[in-house]
Amino acid sequence: MNKEIQMTCIVCPQGCRLMVVVDETTGEIQVFNNKCNRGPVYAKKELTNPTRFLTATVAIKNGFHNRLPVKSSIEIPKNLNFAMMDVINKTEVQAPIKSGQVIIENILETGIDIVATRTMEAKNQ
0 MNKEIQMTCI
10 VCPQGCRLMV
20 VVDETTGEIQ
30 VFNNKCNRGP
40 VYAKKELTNP
50 TRFLTATVAI
60 KNGFHNRLPV
70 KSSIEIPKNL
80 NFAMMDVINK
90 TEVQAPIKSG
100 QVIIENILET
110 GIDIVATRTM
120 EAKNQ
């Protein structure tokens, strides 16, 4: 028995409308309508282990702005998005912070760090 799934590829600007056929007996995945070789890789990963980069902001004390932009050091499993956001939303840092500095190390014991994406000096410097 085959299951057909349509999805839009987000890997490149072409936005191919992929037709994915999953053989429910064997688990084999076939991808059609892709215009580049990245489409099948994206579709198979999206169906078996979807991941995303997580971007957010954390509160910062004594900074020129109230929030500091952060991101995950690598893509996270999509199902951990809300749990990680709970931790990030409870985090507050103190200025100064350098871009690339680890803000939360090994979040949820995943081996993934949350890092600053901009430098923010302290107000009194």
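With the first letter of the sequence shown counted as 1, position 57 gets the number 56 in numbering that gives the first Met the number 0; the numbers rise by one all the way through. Glycine is no exception: its CB is placed at the ideal position from the N, C-alpha and C atoms.
Between the C-alpha atoms of residue i and residue j, what's the straight-line distance to the nearest angstrom?
| i | j | result |
| --- | --- | --- |
| Met0 | Gly26 | 10 Å |
| Pro76 | Pro49 | 6 Å |
| Asn33 | Thr47 | 18 Å |
| Leu53 | Ile59 | 19 Å |
| Ile9 | Asn123 | 43 Å |
| Ile28 | Ile87 | 36 Å |
| Lys89 | Val57 | 8 Å |
| Met119 | Met84 | 21 Å |
| Val21 | His64 | 48 Å |
| Cys15 | Asn36 | 11 Å |
| Pro95 | Leu67 | 11 Å |
| Met6 | Phe81 | 23 Å |
Could you name the residues of the same chain whose beta carbon sits closer than 8 Å to that of residue i, not counting the 5 residues immediately before and after it, in chain order?
| i | result |
| --- | --- |
| Glu23 | Met0, Asn1 and Lys2 |
How would you write the range of the beta strand (DSSP E) that residue i sits in, first residue to last?
| i | result |
| --- | --- |
| Leu67 | Arg66 to Ser71 |
| Phe81 | First-last for Phe81: Asn80 to Asn88, but that is the alpha helix (DSSP H), not the beta strand (DSSP E). |
| Thr54 | Thr54 to Lys60 |
| Met18 | Arg16 to Asp22 |
| Thr25 | Note, Thr25: premise wrong, no beta strand (DSSP E); not H, not E. |
Taking buried to mean at least 16 other C-beta atoms within 10 Å of its own C-beta, is residue i buried or exposed?
| i | result |
| --- | --- |
| Val69 | buried |
| Ser71 | buried |
| Ile73 | exposed |
| Gly38 | buried |
| Leu107 | exposed |
What first and last residue would you give for the alpha helix (DSSP H) that runs through residue i?
| i | result |
| --- | --- |
| Val40 | Arg37 to Thr47 |
Which residues in the same chain have their Cβ closer than 7 Å to the Cβ of residue i, if we skip the five residues on either side of it in sequence?
| i | result |
| --- | --- |
| Gly99 | Val114 and Ala115 |
| Met18 | Glu3, Gln5, Phe31 and Asn32 |
| Ile102 | Val57, Val69, Thr90, Val92, Ile113, Val114 and Ala115 |
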